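A.B. asks: Residue numbers (this note's numbering), protein chains in the order written: chain A, 1 to 613; chain B, 614 to 926. The beta-carbon is built from N, C-alpha and C at its ideal position, and this holds for glycine as well. All values derive from a computational prediction rather than experimental measurement.
(1) How would you write the range of the alpha helix (DSSP H) that residue 842 of chain B sits in, first residue to last?
(2) Residue 427 of chain A to residue 359 of chain A, Cα distance in whole Å?
(3) Please return the same chain residues whose Cβ sits closer than 8 Å to the Cβ of residue 588 of chain A, not counting the five positions on each side in sequence.
(4) Using a Cβ-Cβ distance under 8 Å, would residue 669 of chain B count as near chain A?
(5) According to DSSP, is residue 293 of chain A helix, strand or coil?
(6) Are any of the Cβ atoms in chain B nearer than 8 Å to that of residue 594 of chain A?
(7) Extract the residue ranges of the alpha helix (DSSP H) inside the stretch 26-112 of chain A, only unbroken runs of 4 or more that lie entirely within it.
(8) Can residue 628 of chain B and residue 239 of chain A be called in contact, C-beta distance under 8 Å?
(9) Bridge partners for residue 887 of chain B per DSSP, in chain order?
(10) Please identify, using Cβ separations under 8 Å, the residues of the stretch 327-346 of chain A that lie next to chain B, in order along the chain.
(11) Using a Cβ cut-off of 7 Å, which residues of the stretch 368-380 of chain A contact any Cβ in chain B, in chain order?
(12) Please name the residues in the stretch 568-581 of chain A whose beta-carbon is closer than 9 Å to at least one beta-carbon of chain B, in chain order.
(13) For chain A, check one thing: does any of its Cβ atoms lie closer than 8 Å to the Cβ of residue 887 of chain B?
(14) Could you tell me the distance, in whole angstroms, from the CA atom of residue 123 of chain A to the CA atom of residue 164 of chain A?
(15) Could you tell me whether the stretch 41-52 of chain A touches the stretch 272-282 of chain A, using the rule of 3 or more Cβ pairs below 8 Å?
(16) Give a yes or no on whether the C-beta atoms belonging to residue 190 of chain A and residue 216 of chain A are separated by under 8 Å.
(17) May I ask you to report which of helix, strand or coil DSSP gives residue 805 of chain B?
(18) Which residue or residues does DSSP assign as beta-bridge partners of residue 751 of chain B?
(19) Can you name the start and end residues of the beta strand (DSSP E) that residue 914 of chain B belongs to?
(20) Answer with yes or no whether the minimum CB distance from residue 846 of chain B to chain A is below 8 Å.
(21) Beta-carbon within less than 6 Å of residue 149 of chain A's beta-carbon, same chain only, minus the 5 sequence neighbours each way: which residues are those?
(22) Using 8 Å as the limit for Cβ to Cβ distance, is residue 148 of chain A near chain B?
(23) Considering only C-alpha positions, which residue in the set A/357, A/402, A/386, A/356 is nearest to residue 375 of chain A?
(24) Can you have a look at residue 731 of chain B and say buried or exposed, based on whether 16 or more other CB atoms are within 10 angstroms of its CB?
(25) Measuring only the C-alpha atoms, how far is residue 133 of chain A from residue 14 of chain A?
(26) Could you tell me the distance, in whole angstroms, from the CA atom of residue 3 of chain A to the CA atom of residue 167 of chain A?
(27) Run through DSSP, which three-state label would residue 494 of chain A get?
(28) Hey, would you say residue 71 of chain A sits closer than 8 Å to residue 365 of chain A, going by beta carbons?
(29) Taking the alpha-carbon positions, what's the residue 9 of chain A to residue 395 of chain A distance?
(30) CB residue 829 of chain B to CB residue 902 of chain B, shorter than 8 Å?
(31) Check each candidate in A/551, A/212, A/600 and name the one with the smallest Cα separation from residue 175 of chain A.
(32) Do residue 744 of chain B and residue 926 of chain B come within 8 Å of each other at the CB atom, strictly closer than that value?
(33) Using only alpha-carbon positions, find the residue among A/33, A/237, A/269 that is nearest to residue 247 of chain A.
(34) Roughly how many whole angstroms lie between the Cα atoms of residue 729 of chain B and residue 556 of chain A?
(35) As a quick exercise: from B/772, B/886, B/766, B/857, pick the residue whose alpha carbon is nearest that of residue 835 of chain B.
(36) Which complete alpha helix (DSSP H) runs does the stretch 450-499 of chain A hold, if anything under 4 residues is left out?
This is the structure in structure tokens:
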């Protein structure tokens, strides 16, 4: 990884990065209108409305608005997720839609999601080109949104693509912190934004800390003074962890939480550890700037992380500990949603260990999956060579950044692969791995382009390396781009060529869609055929989504929402294997098994519409 | 001994061949997929052919099972059968089967389908093609005429809850929709569409009263038949659960004198239909009953069929 790139190159790379950001943002913006509202997205719309109302009340009466009761009244809505993204959704909708009258409410909410999503190609490019060169970075960046499911999720005012972006941002800032004098501040801030986006990011310090400690150990081992300070730094944090453990054992879980007050041993331990850690860092910088840079991001994360997490989430302001505990407790005990996998309905753990790997293999276009696998194997071999000297006869050792990318490519996949972790939501829960896999794929694609050029230029000497790379990259990216365009806006239904596309996946017994957004495929028919005041049951579509379809002009305003088939005269059933009984309830209530209309993607039933006899 | 350089060179060459090859194959897949899918007009033409040749009792069977778009077009009086596992369905109530097939779809599993479907079936005429759709009519050798169905005859039954065989606790009353409610108990019976392990079926939905009590439905005059078939399966997702507090549910058929003719026991975690086949019965009353020590989540979709002889190949 180059520490001092050529300034001219650097300017060009910045331009490329900005162009990638703009292209991603515009492609999401221009294709968003047809993307339906998933069940979670409408909840976040609603939460954003409440948060927006609170910010308006903050402007008109800050003293009243900051009372806990006033905060809770607005912020208890969707308190199971932190507030950063929902706050951005709220501000965007307030300013753009309500203030300036631009676009629909949904567009107002979604714009920040597009911007955050568009950071991914930018950051992938910069991290990729620093590690493997510009062509690799460019391929990796473009490839990210050539995965149809990732492109689909990039449209949603949700947290799955944003947390992938924030995770990547944190890792990128962490890497840069080792190379720049003040990068450690940004690393801490980036992690603060990440945990303020989604709980996945709480795992990040566990990924990054070993790299910091290993780097610091390597950098201080030849300097007794620096090594002593480093050991003190480690001892301080180990002591803090030990004291917290002791408090937890002595007090028990409930008392441990209850006594976590402003003036408490808990806070004292935290402040002492952070203070002592900062002092150690100050001392360390005198002996080794590099070792300081290796460790400072950790302390920065320990300080700025909680600060940003709490600052962006007013719900925590009066009761930071118990409400954070409740938030984390919710996710620790998350219920399981049924999922269809290889002809089986997965209802309860233990889930198959290979689930995440199999689903990834079947949902990433094969011409992008193969470079990822090749890049992963290659980087994995080099990572092994870093620790096993005999292997270096065959493969060169990996840099620590390459190992970091490799580890981050695996971590989210490994976490979700645990058989007790809820398996639902398609692929979105391990999105934080995907940018790193894209970078490894970029390395493989670039390597292949070089190899091809070496071979082809013997026969056609005028053939440039750039032309070969452009041709190969276009070839590798085009199946994904084609599939993305073809499946849009039904991205959760996408399956790769390896699966045989969506029909092949149906044959294999795979989940075809999730969480109701495909209902947009039948709304035009319903608008055309519904009688005035027709009672419509949109199966699995939340009440909030029904309202959102109407207020965004996608569903006629006179159509009345029915809570079930019993009080409906028209019903749109979402085809899920686990919901077949609910389709039969419609047959039962409507007196017919004959559909009136349907959305069939590549012949697979997605939404089936019935009318009462 | 292969050197490091040689090994890396080999890997690079393999990578440089495999990556573009994969992309070319992927492009070929996307280019050819639309040609493997039927047009709307193909479905309409196939449905018109079924409508022109249909006879009472016919069904349309889909292959692959999930190609349900055909339901949009099929004649309303011809049931369309397509569910995970329908390849193996005997379709005993259908003398003839229209097989609507799309064997060119990825992972269509044509070989497995043939193995499951063809035994006992013989083609009636030539296969017809409508775009990528294949339509063939088959005589169903597994057909057995249904002489009596408890689900179909539920409205003519009497129902009660009894604490022991012959000891009535409560009479059940008609619910006005062809079924029964049992005041004083959670037991009930009705005819509904229900799903048991993906298979939709119109059956008797039975809720057991719980404890030692059993819900009994008496059908006064079932005909003599070649075979008695009792089928029952737990409905909803509870069928899959093996939680320790769940208990087995027992469904049985007695004759008018109280002798058990057929019985199935469904344990927690056992999905799908359980079937007990017996020769006979002779003409007379039949009693369908259900019992579960703990009634929670133990609702059953059941039917008792008195069937004639199998049509044969």
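C.D. replies: Put simply:
(1) Here residue 842 of chain B belongs to no alpha helix (DSSP H); instead the beta strand (DSSP E) covers 840-847.
(2) 7 Å
(3) 565
(4) no
(5) helix
(6) yes
(7) 39-60, 62-65, 68-75, 84-92
(8) no
(9) B/845
(10) 338, 343, 345
(11) 370, 371, 374
(12) 575, 577, 578, 580, 581
(13) no
(14) 11 Å
(15) no
(16) no
(17) strand
(18) B/710, B/736
(19) 913-920
(20) no
(21) 363, 427, 491, 494
(22) no
(23) A/402
(24) exposed
(25) 14 Å
(26) Residue placement at residue 3 of chain A is flagged as unreliable, the pLDDT there being 45, under the threshold of 50; the coordinate-derived value follows with that caveat. Using only the alpha carbons, I get a separation of about 22 Å.
(27) coil
(28) no
(29) 29 Å
(30) yes
(31) A/212
(32) no
(33) A/269
(34) 47 Å
(35) B/766
(36) 465-487
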